[in-house]
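Numbering-wise, the UniProt record's numbering puts 155 at position 155 of the sequence shown, and it's gapless, one number per residue.
Structure first, commentary second.
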Amino acid sequence: MARELLASDQVPGLHFYTLNREVATKEILTALGMWCQDPAASRPLPWKPSANKKRICEDVRPIFWASRPKSYMYRTSDWDEFPNGRWGNSSSPAFGELTDHHLFYLRSRSKKDDLLKMWGEELARVEDVFEVFKCYISGENNRSGVKVKSLPWNDDTIAAETTLIKEKLEFLNSKGILTINSQPHVNAAPSSDPMVGWGGSGGYIYQKAYLEFFTCKEVVDILLEVLKEYPQVNYHVVNCEGSVNVTNADTLSPIAVTWGVFPGKEIAQPTVVDPISFESWKMRPLTCGSNSGDDSTQKVHHQDLLLMTSVKTTILST
1 MARELLASDQ VPGLHFYTLN REVATKEILT ALGMWCQDPA ASRPLPWKPS ANKKRICEDV
61 RPIFWASRPK SYMYRTSDWD EFPNGRWGNS SSPAFGELTD HHLFYLRSRS KKDDLLKMWG
121 EELARVEDVF EVFKCYISGE NNRSGVKVKS LPWNDDTIAA ETTLIKEKLE FLNSKGILTI
181 NSQPHVNAAP SSDPMVGWGG SGGYIYQKAY LEFFTCKEVV DILLEVLKEY PQVNYHVVNC
241 EGSVNVTNAD TLSPIAVTWG VFPGKEIAQP TVVDPISFES WKMRPLTCGS NSGDDSTQKV
301 HHQDLLLMTS VKTTILST
């Protein structure tokens with residue numbers, strides 16, 4: 001019957017009531033050749049594309065908004081064209097400001113009481129903040145026995161690929177390097193890989209190691225000295241006021257941090273680190289914490305925090 005309905009050209013699709021039992025639906029779709037066994041085939045890009053027909057050709061985005069795609073879409077909603085194929089040398093990407101209307105829809109989906117249980121009713125010392133970040137990465141319960149399932153900068157649990165570097169991130173967060181975005185180094189992983197695959201079968205995926213985090217000036221000063229010995233690592237450091245803006249990368253040229261090689265196609269570069277876009281992005285993470293709770297009993301005091309990104313620019317052969 002399903003084949004007859006679809007072959008009639010009068011029915012655009014089928015609707016199934018699974019009643020929480022997927023077996024019958026899966027068997028029907030498999031018989032129709034519509035069941036996807038390859039995770040990469042159902043994930044055309046490493047980020048979820050928009051259903052808006054205006055953005056149908058969009059296939060490149062800055063990595064900064066990876067955990068907050070709605071914010072990125074709101075801020076670029078007035079664009080007439082969207083990056084396709086390459087991000088290019090963008091000297092002035094016009095990112096719109098988030099209005100109160102946008103901020104309403106970007107608020108955490110969790111209730112305030114639940115957030116306070118996850119993040120703590122009171123932060124008595126800076127190590128309490130470290131613990132919140134560490135518990136978010138590890139998936140462990142906090143000292144109150146509650147799982148930290150979100151942060152002000154990420155309303156979802158960690159991405160699958162983050163588990164590849166989870167132990168390292170736990171260590172960094174416990175030492176005051178508070179990570180809000182990251183991706184592991186990937187060298188020629190099959191595009192069908194369940195954690196990092198995308199773009200269909202038969203391809204290979206590459207990623208540069210990327211880390212975005214908050215930390216204090218003392219840690220940044222030490223890092224900048226150490227990084228002099230590692231010229232293959234690009235970094236960018238800013239603060240909220242704009243009085244700190246330090247980078248060893250080209251200030252206009254983007255760096256591709258994710259790309260895929262597929263048979264018969266040009267190399268796809270769907271994720272980039274763009275220094276100009278970073279200037280627009282920085283205010284969101286540096287102020288997001290202090291806006292997350294309105295009248296909550298704690299506020300994230302961000303005046304002394306610096307936001308830093310680092311990209312390892314070499315891919316090592318295996």
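For each residue, glycine too, the CB sits at the ideal point set by N, CA and C.
Phe262 versus Pro231, Val244, Ser201, residue with shortest Cα-Cα distance: Ser201
So, with DSSP's three-state summary, where would you put Arg86? strand
Going by DSSP in three states, Ser277 sits in which element: helix, strand or coil? Correct three-state label for Ser277: helix.
Can you give the Cα-Cα distance for Leu106 and Ala188, rounded to whole angstroms? Annotation note: pLDDT 44 at Leu106 (below 50); position unreliable, coordinate value reported separately. Their Cα atoms are separated by approximately 36 Å.
Go ahead and pull the three-state DSSP assignment for Tyr72. In this structure, Tyr72 counts as helix in the three-state DSSP scheme.
Quick one: what's got a C-beta closer than 7 Å to Ala2's C-beta in the same chain, skipping five residues either side? Leu14, Ile28, Leu32
Residue from Pro254, Ile177, Val196 with nearest C-alpha to Ile222: Minimum Cα distance to Ile222 is reached at Ile177.
Could you tell me which uninterrupted alpha helix (DSSP H) segments, each at least 4 residues in length, are contained entirely in the region 186 to 260, listed from first to last along the chain? 217 to 226
With 16 other Cβ atoms within 10 Å as the buried cut-off, status of Glu161: Result: buried.
Applying the criterion that 16 or more other CB atoms from any shown protein chain within 10 Å of the CB defines a buried residue, is Leu103 buried or exposed? With a pLDDT of 45 at Leu103, under the threshold of 50, the modelled position of that residue is not reliable, and no figure is offered here.
Ile63 and Thr271 closer than 9 Å at C-beta: yes
Taking 9 Å as the cut-off, decide whether the C-beta atoms of Gln207 and Arg86 are in contact. no
Can you give me the C-alpha to C-alpha distance between Ser182 and Tyr235, rounded to a whole angstrom? 13 Å
If we count the other Cβ atoms within 10 Å of its Cβ and call it buried at 16 or more, is Thr318 buried or exposed? Its pLDDT being 25, under 50, Thr318 is placed unreliably by the model, and the measurement read from it follows with that caveat. Exposed.
Would you call the region 228 to 247 and the region 62 to 77 in contact, with 3 or more CB pairs under 8 Å? no
Whole-angstrom distance between Asp9 and Pro69, CA atom to CA atom: 35 Å
Quick check on the burial criterion: 16 or more other C-beta atoms within 10 angstroms. Buried or exposed for Ala66? buried
Considering only C-alpha positions, which residue in the set Lys117, Leu164, Thr179, Arg143 is nearest to Phe133? Thr179
Given Ser144 as reference, the closest of Thr157, Glu121, Asp155, Thr163 once Cα atoms are compared: Glu121
Less than 9 Å separating the beta-carbons of Gly260 and Gly199? yes
Three-state secondary structure (DSSP) of Arg21: coil
Tell me which residues share the same chain as Leu5 and place their Cβ nearer than 8 Å to its Cβ, disregarding the 5 neighbours each side in the sequence. Val11, Leu14
Determine the contact status of Thr247 and Val237, defining contact as a CB-CB distance below 9 Å. yes
Selection from Ala124, Gly197, Glu225 that minimises the alpha carbon distance to Arg43: Gly197
Answer yes or no: do Lys166 and Met118 have a C-beta to C-beta separation smaller than 9 Å? no
When we look at the beta-carbon of Pro194 and count the other beta-carbons within 10 Å, is it buried (16 or more) or exposed? Taking all protein chains in view, the Cβ of Pro194 is surrounded by fewer than 16 other Cβ atoms within 10 Å, so the residue is classified as exposed.
Please go through the same chain and pick out, in chain order, the residues whose beta-carbon is closer than 7 Å to the beta-carbon of Asp128, but skip the five residues on each side of it. Gly120
Alpha carbon of Tyr72 to alpha carbon of Val257, nearest angstrom: 18 Å
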